[in-house]
Amino acid sequence: MELTPLTGICLGSLGIVFLVLVYAFIRGSRGLRAYIVMRTLLTIPMVFILVTIIFFVMRIIPGDPVTSQLGPRGGPEARERMTRELGLDRPILVQYVDYITDVARLDLGNALVFGQRPVADELSERLPATLELIVPSLLFAVGFGVLAGTFAADHRKQGVDYGLRLFSITAYSIPVFWLGLMLQVIFSLVLGWLPVAGRIDTIIGTTLQRHTNILVLDALITGNWPALWSALKHLILPTLSLGLILTGVFLRLSRINVIETLVEDFVLAARARGIRDSVVVYRHALFNALIPIVTLIGLQFSVLLAGAVLTETTFSWPGMGLYLVDRIGQRDYTAVQGVITIFALSVAIVSLLTDIVYAFLDPRVRY
Amino acid sequence: MATAERAIDQRPQWQRELDQVGLLRRFLMARRWYGADWWFAVLSGILLLFIFSLAIFPGLYAPYNPRAEVGPALLAPGELPPTFVLVTQEGSGVASLQDLAGEERIRIGIVRGSPAASALRDAEGRINEELREANAGVSLRLRNERYDTIDEALAGLAAGEVAVVVGLSSEIEPLLEQYPGLAMSDESITGQATRSFVLGTNQLGQDVLSRIIWGTRIALLIGFSAAVFALAIGVPLGLIAGFWSGPIERVLTLIMDSLYSFPGLILAIAITSVLGPGMFNVVIAIATLYVPTYYRIVRGQTISVKEELYVEAAESLGAKPLSILTQYIFPNVIPSVVVIFSVNVADAILTEAGLSFIGLGLPPDTPDWGIDLALGQRMLRQAWWLVTFPGLMIVIVTLGFSMLGESLSEILNPRLTEN
Amino acid sequence: MANQKNGTLLTVENLSVRYKTRAGWVSAIDNVSLEIRRGEVLGLVGESGCGKSTLGKALLRMLPPSSRILGHLWFDGQDLMQLSDSEMRRIRGKRISMVFQDPMTSLNPVQRVGDHIVETIQTHEPKVSKEEALERAGELFDRLGISRSRLKDYPHQLSGGMRQRVMIAIALALKADLIIADEATTSLDVIVEAQIIELLKELRDEFNLTILLITHNIGLVAELADRILVMYAGQMAELSDVYSVFKEPLHPYTQGLLNAVPNIELDDTEELYIMEGTTPDLIEPPPGCRFHPRCPYAMPVCSQLEPHFQPARPEHYVHCWLHEEIPAEFRQEVSA
Numbered sequence: 001m002e003l004t005p006l007t008g009i010c011l012g013s014l015g016i017v018f019l020v021l022v023y024a025f026i027r028g029s030r031g032l033r034a035y036i037v038m039r040t041l042l043t044i045p046m047v048f049i050l051v052t053i054i055f056f057v058m059r060i061i062p063g064d065p066v067t068s069q070l071g072p073r074g075g076p077e078a079r080e081r082m083t084r085e086l087g088l089d090r091p092i093l094v095q096y097v098d099y100i101t102d103v104a105r106l107d108l109g110n111a112l113v114f115g116q117r118p119v120a121d122e123l124s125e126r127l128p129a130t131l132e133l134i135v136p137s138l139l140f141a142v143g144f145g146v147l148a149g150t151f152a153a154d155h156r157k158q159g160v161d162y163g164l165r166l167f168s169i170t171a172y173s174i175p176v177f178w179l180g181l182m183l184q185v186i187f188s189l190v191l192g193w194l195p196v197a198g199r200i201d202t203i204i205g206t207t208l209q210r211h212t213n214i215l216v217l218d219a220l221i222t223g224n225w226p227a228l229w230s231a232l233k234h235l236i237l238p239t240l241s242l243g244l245i246l247t248g249v250f251l252r253l254s255r256i257n258v259i260e261t262l263v264e265d266f267v268l269a270a271r272a273r274g275i276r277d278s279v280v281v282y283r284h285a286l287f288n289a290l291i292p293i294v295t296l297i298g299l300q301f302s303v304l305l306a307g308a309v310l311t312e313t314t315f316s317w318p319g320m321g322l323y324l325v326d327r328i329g330q331r332d333y334t335a336v337q338g339v340i341t342i343f344a345l346s347v348a349i350v351s352l353l354t355d356i357v358y359a360f361l362d363p364r365v366r367y
Numbered sequence: 001m002a003t004a005e006r007a008i009d010q011r012p013q014w015q016r017e018l019d020q021v022g023l024l025r026r027f028l029m030a031r032r033w034y035g036a037d038w039w040f041a042v043l044s045g046i047l048l049l050f051i052f053s054l055a056i057f058p059g060l061y062a063p064y065n066p067r068a069e070v071g072p073a074l075l076a077p078g079e080l081p082p083t084f085v086l087v088t089q090e091g092s093g094v095a096s097l098q099d100l101a102g103e104e105r106i107r108i109g110i111v112r113g114s115p116a117a118s119a120l121r122d123a124e125g126r127i128n129e130e131l132r133e134a135n136a137g138v139s140l141r142l143r144n145e146r147y148d149t150i151d152e153a154l155a156g157l158a159a160g161e162v163a164v165v166v167g168l169s170s171e172i173e174p175l176l177e178q179y180p181g182l183a184m185s186d187e188s189i190t191g192q193a194t195r196s197f198v199l200g201t202n203q204l205g206q207d208v209l210s211r212i213i214w215g216t217r218i219a220l221l222i223g224f225s226a227a228v229f230a231l232a233i234g235v236p237l238g239l240i241a242g243f244w245s246g247p248i249e250r251v252l253t254l255i256m257d258s259l260y261s262f263p264g265l266i267l268a269i270a271i272t273s274v275l276g277p278g279m280f281n282v283v284i285a286i287a288t289l290y291v292p293t294y295y296r297i298v299r300g301q302t303i304s305v306k307e308e309l310y311v312e313a314a315e316s317l318g319a320k321p322l323s324i325l326t327q328y329i330f331p332n333v334i335p336s337v338v339v340i341f342s343v344n345v346a347d348a349i350l351t352e353a354g355l356s357f358i359g360l361g362l363p364p365d366t367p368d369w370g371i372d373l374a375l376g377q378r379m380l381r382q383a384w385w386l387v388t389f390p391g392l393m394i395v396i397v398t399l400g401f402s403m404l405g406e407s408l409s410e411i412l413n414p415r416l417t418e419n
Numbered sequence: 001m002a003n004q005k006n007g008t009l010l011t012v013e014n015l016s017v018r019y020k021t022r023a024g025w026v027s028a029i030d031n032v033s034l035e036i037r038r039g040e041v042l043g044l045v046g047e048s049g050c051g052k053s054t055l056g057k058a059l060l061r062m063l064p065p066s067s068r069i070l071g072h073l074w075f076d077g078q079d080l081m082q083l084s085d086s087e088m089r090r091i092r093g094k095r096i097s098m099v100f101q102d103p104m105t106s107l108n109p110v111q112r113v114g115d116h117i118v119e120t121i122q123t124h125e126p127k128v129s130k131e132e133a134l135e136r137a138g139e140l141f142d143r144l145g146i147s148r149s150r151l152k153d154y155p156h157q158l159s160g161g162m163r164q165r166v167m168i169a170i171a172l173a174l175k176a177d178l179i180i181a182d183e184a185t186t187s188l189d190v191i192v193e194a195q196i197i198e199l200l201k202e203l204r205d206e207f208n209l210t211i212l213l214i215t216h217n218i219g220l221v222a223e224l225a226d227r228i229l230v231m232y233a234g235q236m237a238e239l240s241d242v243y244s245v246f247k248e249p250l251h252p253y254t255q256g257l258l259n260a261v262p263n264i265e266l267d268d269t270e271e272l273y274i275m276e277g278t279t280p281d282l283i284e285p286p287p288g289c290r291f292h293p294r295c296p297y298a299m300p301v302c303s304q305l306e307p308h309f310q311p312a313r314p315e316h317y318v319h320c321w322l323h324e325e326i327p328a329e330f331r332q333e334v335s336a
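Chains as they are written, first to last, in this note's numbering: chain A, 1 to 367; chain B, 1 to 419; chain C, 1 to 336.
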């Protein structure tokens, strides 16, 4: 296995997962250990199934990569050559086994267009951009959603509560790309406060030394303040559009959880001890309500990825999502298959991680 | 035989009673019980009925054919199209095109490439039609003289090369001072008040309002078909899986769980990119996304209902599995399925819009909201309305289905007792 | 303003509590007046729904927002009803504290038990450092017989009895003047209950605590209380010192309560005593004396006119026509 940045990140995240598992294992009760083992073992068949489904979707369903690539122009020789190169002439089962072993080594093949570089390399270049988009969006959604939900729960049945509930349902009904477009119209075209698209101003971008390729981090590391400012400005609208859409679910869940928590006995007991109302609501009730939020983050990760694809398309954000859309347009099946595989793997890992963290956080399960 | 069957009906009292109360009474009584959620459900129901009428009879609401070029391109909402006026020599007595009708051909000056040409053609055709019907015996025959700029055209008019010049009033007005002998007609050559478009036109001259109304039909068609397909596959599978567990069911559940956790849009992208464009393929792709949801919920409910005491009682009295499924489990499952269906349609519409936005799925000339948004994105700087209104439609329709699903969910499975 | 006798800690004056339900206004407490003296244990007895829990919560002004409260609560010279929310909050936990019924649900499942106490201390005495507060918590645990190592445990790791001790520790953390024990032992098994009662007795003597002991278990009251107040349907039925009530229960309801206690020496012929009827509807309470539908000694006046709560014997108050002079128009004709 080569050490591409992609491989590095995958191994790195697997390492983190491993560390979390070990930590939880050591500090946990017998029940928790059993759960960790079971849940981790469960991930393997799930990943297997996902990867298999992807394989079959891309190969079995009618559609011939060779024809789509070469078009009607390709003569029989070119076709034959390409078919052999892609290994499409071998029996399906052989192709399948090859595919599985390749994925295990994170060898995603070579792209069919633009110089036919290894897909893994191309993804490594684009992964930081996607990360730079989804992490702040998720943080925004959780932060804003939980606070607003707690606020709504505290002001139950008042105007603010109904307003926020309406907001959360609406948030889920808005297409993320439309929100992005509207934000572009309002803040870039009409008000001119923020840039329309891209990650950073091109000229300033050339002054920035790339280390991690996460521009905000790189700017901080190298102390390049104009670049930091430009990168942040470019980050605002995409983060806002992706984040606002996700806020709805978190708002709803925290609102319900906090409402249910506020009528519990220990809240009454805390009030009876003279604990301040704001502390009762925003510390005790919120903390109790936070634990299910962790699970929700795991569930929403898929939505986050899907939204990222659309948001990157809207803002010309050069991440893995835009890569997917571009390469589909180019009929580059190898690349498309590679991206989708990586998405599937990341979903499986994030899901495992959130389940473990949830089990760990809830002291009732931990001990 | 009949007594044995009746004895087996072990359903709880409330379920049997509920069967006997009429649907309308239940509906009206619900208002007192459920308060705000009832109103939500009713309001969204009315909204959805309106949306349905848009989808079924788009011709009633849409003023134009969505695929036809009905006006100048990129007209803002409510903006009047540019007017084309006549310029003539003063004292010529020509006030409108009709005055030019006669025996001979009239030479008329226009700017090369100007949209005045097509407007002129329309007007000519219309006037000749009217003249024919009135049996006037004369017709309007025009011969176009093309100039490079409007200035040259006016110069030509002043020099007598042409009898009349047709062009944009906004362009001609400022130049008129230089040509004291020329006069501009008051009305435009179309003669009638020119129409504006409520929501503007797109870069192909199509009416935005008509397009989004016709888009409703496509969206609902795809949304419903996908939901129905997913239901037809997911619910029976879920019932069977919940009822008979075993190795096959476990594998199936694992597959469904894996699919469920995967990002929906991306799976749909994968499927459509391989299947190719077309409405049917989009429906299949979206349906596949939702089968796991129905499966999981139905299976879970089946399992929990199966463990209820009254089902055990029925089983002990010898009820057949099929009748247990239909009599006990199915009615309990229906409320959840209805809620999922509603949310499913909402989600399907969003997913379909996303697919079209990316360029997958529907043929590019379809009046579909997603496609409109993709087209509008290219003209974002010039024409904000191309993006705003189709998206707004998506929000409204999706919101309608979501609200319906939400409030039905509260009504059918009340979660919290509001103290 | 009511007389503040020396030694009186809390004076409840004409307290009435109503709250709104879908079916109408529920009259949970009707015109209750009583005194709690320093250093005493007042037992508040009655069946479910008689208003005793509501009274406990009312003293801390912790009733739900849909309730209407009338009357005065004189505590240490102040009327608690007139205090602002923040002033009342300062009293809760510090001057008046409460021990709740179910310690499992009354403790925050994700907060360590020691932190419950630390938080209480730091809320009312912000200058105290965390270490100091933790040390005080440790001392409390010592006194209550809980190992100090348990300070950092979570509630579900403790047994039921220990949890209840923690609740008591929390109530004692700031040396409150009045402790309200609301069904504090109801959720415990009898052996643990006995231990807790012993503990309470020791603490009472050692710290000179004033306790309002709310319970439906009359036996518990016998062990611990100095005086008993029997409540029925939101009203006071009988009030006196423990011995008098047990030796000579004046109110028919009190008699019923005492008879209902199963006697371990029951022989085969005696049956368990069952009081007739059910708890009254507090939205439309019975007219006159609220107990009359169930009372074996009911007279015509009982269904027409409410009696007064007055001393039938010295320091022994009762709310019953059996012990009050019936007005002339209702007096029964004594038939020959």
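Just so it is clear, CB atoms sit at the ideal spot from N, CA and C, and this is done for glycine as well.
Treat the numbers as computed from the prediction; the structure is a model and nothing was measured.
Examine chain A for any beta-carbon lying closer than 9 angstroms to the beta-carbon of residue i, and answer yes or no.
i	result
THR398 (chain B)	yes
ASP368 (chain B)	no
ASP257 (chain B)	yes
GLY160 (chain C)	no
MET420 (chain B)	Here chain B has residues from 1 to 419 only, and residue 420 (chain B) is not among them.
ASP319 (chain C)	For the record, residue 319 (chain C) in the displayed sequence is His; it is not Asp. Cβ-Cβ to chain A under 9 angstroms: no for HIS319 (chain C).
By DSSP's criteria, residue i is part of a beta bridge. Which residues make up the other side?
i	result
VAL164 (chain B)	B:THR88, B:ILE108
HIS319 (chain C)	C:PHE309
ASN110 (chain A)	A:PRO118
ALA183 (chain B)	B:THR88
SER179 (chain C)	Residue identity differs from the one stated: residue 179 (chain C) is Ile in this sequence, not Ser. According to DSSP, ILE179 (chain C) bridges with C:SER97, C:ILE211.
HIS72 (chain C)	C:GLU13
ARG227 (chain C)	C:LEU42, C:ASP241
ARG84 (chain A)	ARG84 (chain A) pairs with nothing; no bridge assigned.
TYR64 (chain B)	Answer is none; TYR64 (chain B) lacks a bridge partner.
Would residue i pass as an interface residue toward chain B - the criterion being a Cβ-Cβ separation below 9 angstroms?
i	result
GLN184 (chain A)	yes
LEU50 (chain A)	yes
TRP225 (chain A)	no
VAL267 (chain A)	no
Could you tell me if residue i is buried or exposed, where buried requires 16 or more neighbouring beta carbons within 10 angstroms of its beta carbon?
i	result
LEU164 (chain C)	At residue 164 (chain C) the sequence reads Gln, which differs from the Leu that was named. Under this definition GLN164 (chain C) is a buried residue.
LEU166 (chain A)	exposed
Output yes if chain C places a C-beta closer than 9 angstroms to the C-beta of residue i; else output no.
i	result
PHE287 (chain A)	yes
ALA281 (chain A)	Strictly speaking, residue 281 (chain A) in this sequence is Val, with Ala absent from that position. Chain C, which has no Cβ nearer than 9 angstroms to the Cβ of VAL281 (chain A), makes this no.
Q.
So if I threshold CB-CB distances at 9 angstroms, which residues from the stretch 147-161 of chain A count as touching chain C?
A. Residues: none.
Q. Which residues, in order along the stretch 372-388 of chain B, keep a beta-carbon less than 8 angstroms from a beta-carbon of chain A?
A. From the stretch 372-388 of chain B, only LEU373, GLY376, GLN377, LEU380, ARG381, TRP384, VAL387, THR388 have a Cβ closer than 8 angstroms to chain A.
Q | Contacting positions in the stretch 334-356 of chain A - beta carbon closer than 9 angstroms to chain B | A | Within the stretch 334-356 of chain A, the qualifying residues are VAL336, GLN337, VAL339, ILE340, PHE343, ALA344, VAL347, ALA348, SER351.
(Q) Does the stretch 229-246 of chain A come into contact with the stretch 126-140 of chain A, if we say contact requires no fewer than three beta-carbon pairs (one atom in each stretch) closer than 8 angstroms? (A) Segment contact: the stretch 229-246 of chain A against the stretch 126-140 of chain A, three or more CB-CB distances shorter than 8 angstroms; contact assigned.
Q) Any contact of the stretch 231-246 of chain B with the stretch 69-77 of chain B, i.e. 3+ C-beta pairs under 8 angstroms? A) The answer is no - the stretch 69-77 of chain B does not touch the stretch 231-246 of chain B, with fewer than three Cβ pairs under 8 angstroms.
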